[in-house]
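Since the structure comes first, as structure tokens, the remarks are kept for the end.
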Amino acid sequence: MSGERRRAWPRWLRRGPMEAVATALIAAGVFMLLQPFALWLYTWSFVTTLTGTAMFVVVSKFPD
Amino acid sequence: MQPAAKSSFAERAATATPEPLARAVRGLSDRAIAWLFISPTMALLLAINIFPLIWTIRLSFTNYRANRPNAEVVGVGIDHFADILTDPDVWASMQATAHFVFWTILLQTLLGFALAWFVDRRFRGHGFWTTAILIPMMLSPAVVGNFWAFLYQPQIGLFNYVVSFFTGLDPSSFEMIGSVKLAPWAIVLVDTWMWTPYVMLICLAGLRSIPDYIYEAAEVDRASKWRQFWTITLPMALPFIMLAVLFRGIENFKMFDLVNLLTNGGPGSTTEVASITLKREAFEKWRTGYSSAFAIILFVTVFGLANIYVKALNRVKSR
Numbered sequence: 329m330s331g332e333r334r335r336a337w338p339r340w341l342r343r344g345p346m347e348a349v350a351t352a353l354i355a356a357g358v359f360m361l362l363q364p365f366a367l368w369l370y371t372w373s374f375v376t377t378l379t380g381t382a383m384f385v386v387v388s389k390f391p392d
Numbered sequence: 210m211q212p213a214a215k216s217s218f219a220e221r222a223a224t225a226t227p228e229p230l231a232r233a234v235r236g237l238s239d240r241a242i243a244w245l246f247i248s249p250t251m252a253l254l255l256a257i258n259i260f261p262l263i264w265t266i267r268l269s270f271t272n273y274r275a276n277r278p279n280a281e282v283v284g285v286g287i288d289h290f291a292d293i294l295t296d297p298d299v300w301a302s303m304q305a306t307a308h309f310v311f312w313t314i315l316l317q318t319l320l321g322f323a324l325a326w327f328v329d330r331r332f333r334g335h336g337f338w339t340t341a342i343l344i345p346m347m348l349s350p351a352v353v354g355n356f357w358a359f360l361y362q363p364q365i366g367l368f369n370y371v372v373s374f375f376t377g378l379d380p381s382s383f384e385m386i387g388s389v390k391l392a393p394w395a396i397v398l399v400d401t402w403m404w405t406p407y408v409m410l411i412c413l414a415g416l417r418s419i420p421d422y423i424y425e426a427a428e429v430d431r432a433s434k435w436r437q438f439w440t441i442t443l444p445m446a447l448p449f450i451m452l453a454v455l456f457r458g459i460e461n462f463k464m465f466d467l468v469n470l471l472t473n474g475g476p477g478s479t480t481e482v483a484s485i486t487l488k489r490e491a492f493e494k495w496r497t498g499y500s501s502a503f504a505i506i507l508f509v510t511v512f513g514l515a516n517i518y519v520k521a522l523n524r525v526k527s528r
């Protein structure tokens with residue numbers, strides 16, 4: 329990716345922080361899936377993991 | 210020596226190819242040849258990985274049953290997903306999986322790192338002991354499952370007699386795979402026995418990647434061995450430990466063979482981990498659509514974890 333395009337890319341949308349958010353979502357989804365505390369957390373676990381995984385796939389193409 | 214004009218990959222491939230075929234190859238670019246070489250693999254991947262995945266996604270939205278191939282297939286939307294994600298029994302199987310994953314990872318990490326630390330001391334005969342420690346990992350899970358099932362037999366199994374020797378308990382007073390309390394631990398024990406060497410290998414790679422000059426600098430600064438461990442050894446080996454944790458987490462999340470051979474989910478549903486529930490829904494109750502939805506849920510979870518694993522792997526590689 330050219331330096332000009334990299335400069336135009338918003339700082340908060342860069343690969344590093346966005347991957348960290350996606351990773352946190354996946355980790356939260358897996359925890360919600362496996363936890364023994366609340367059924368509603370289990371119910372929403374798949375949506376959380378799916379969001380995190382899809383986000384990870386997309387943001388891994390963003391510039392550093 | 211090849212002439213400079215024939216140095217391209219296409220030219221070299223052409224010279225090693227029969228003349229009629231070579232004439233056709235000479236006209237191709239390096240990129241086209243590369244595609245030609247990988248196309249059989251791509252076709253195979255599409256046929257045995259990608260197509261079944263897409264087909265499973267499609268089936269997860271239908272009421273299809275594999276034992277009734279001629280019955281009308283009706284779309285049910287996201288009903289299967291909603292059923293699975295609100296079913297307390299499936300939730301219980303996820304908790305059985307969580308118990309298995311948590312304890313195996315904890316034990317394997319602690320034991321694996323401790324073993325790696327001892328092997329890294331390079332004591333006399335460490336090569337022999339490293340090989341001996343690695344043996345369980347090289348065995349087939351089917352073999353391990355079967356012989357541990359024999360070892361756990363309360364009447365003839367060796368395990369109860371060993372426990373009896375050390376604790377004084379009557380060997381026939383407890384059953385490892387027949388007891389609700391002990392069965393989950395029986396599986397944890399076997400998996401730990403089998404896969405601790407793998408964690409040890411990864412931790413050993415981490416420990417051996419730490420340069421000696423860091424320890425020498427710490428010695429000059431009079432840092433104690435204890436302080437060196439907490440401020441040098443552990444932080445520098447941590448990415449490798451994380452890698453082992455992630456890999457074993459993914460593997461154990463989808464664990465099937467050992468559990469199926471040792472307890473088959475029993476007694477009751479005490480050790481019914483997610484993959485056993487999936488097998489029962491798919492091949493005992495023949496709810497193919499429902500089990501496809503369940504498989505997709507497990508797949509997305511494993512895929513998400515695998516993404517984190519690859520990210521951690523790249524971080525370790527860049528060190």
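So the protein lines, in turn, are chains A and B. Note that the numbering used here has the first sequence beginning at 329, numbered continuously upward. Note that the numbering used here has the second sequence beginning at 210, numbered continuously upward. All C-beta atoms in this analysis are idealised placements derived from N, C-alpha and C, irrespective of residue type, glycine included.
Judged by beta-carbon spacing, T306 of chain B lies beyond the 9 Å limit of F503 of chain B, meaning their Cβ atoms are not closer than that value. The Cβ atoms of R489 of chain B and R274 of chain B lie no closer than 9 Å to each other.
In summary, the residues of the region 337-355 of chain A whose CB is separated from some CB of chain B by less than 9 Å are E347, A350, T351, L353, I354 and A355, in the order they occur in the chain.
Shown here for G474 of chain B: same chain residues with a beta carbon closer than 6 Å to its own, the five before and five after excluded, namely T480, E481 and I485 in chain order.
Rounded to the nearest angstrom, the gap between the Cα atoms of L361 of chain A and Y370 of chain A is 5 Å.
Contacts with chain A at 9 Å (Cβ-Cβ) include Q304 of chain B.
Remark: C-beta atoms of F290 of chain B and I505 of chain B approach each other more closely than 9 Å. In this structure, the straight-line span from the alpha carbon of I314 of chain B to that of M346 of chain B is close to 15 Å. As the crow flies, the alpha-carbon of W394 of chain B is around 49 Å from that of R339 of chain A. Here G284 of chain B carries a strand assignment [DSSP, helix/strand/coil].
If you draw a straight line from the Cα of A231 of chain B to the Cα of V519 of chain B, it is about 40 Å long. In terms of CA proximity to V509 of chain B, A:F384 leads the group A:K389, A:F384 and A:P391. Under the 10 Å beta carbon count, N523 of chain B is surrounded by fewer than 16 other beta carbons and is classified as exposed. Taken atom to atom, the span from the alpha-carbon of Y407 of chain B to that of L360 of chain B is near 23 Å. By the criterion of at least three beta-carbon pairs nearer than 8 Å, the region 374-383 of chain A is in contact with the region 347-363 of chain A. Counting other Cβ atoms within 10 Å of its Cβ, W244 of chain B stays below 16 and is therefore classed as exposed. With distances taken between CA atoms, A341 of chain B lies nearest to B:V328 out of B:V328, B:A351, B:S349 and B:V353.
Identification of chain A residues near P297 of chain B by a Cβ-Cβ cut-off of 8 Å yields L367, ordered along the chain. Bridge partners of T271 of chain B according to DSSP: B:G284.
Shown in chain order are the members of the region 488-517 of chain B whose Cβ falls below 7 Å from a Cβ of chain A: I506, V509, T510, F512, G513, L514, N516 and I517.
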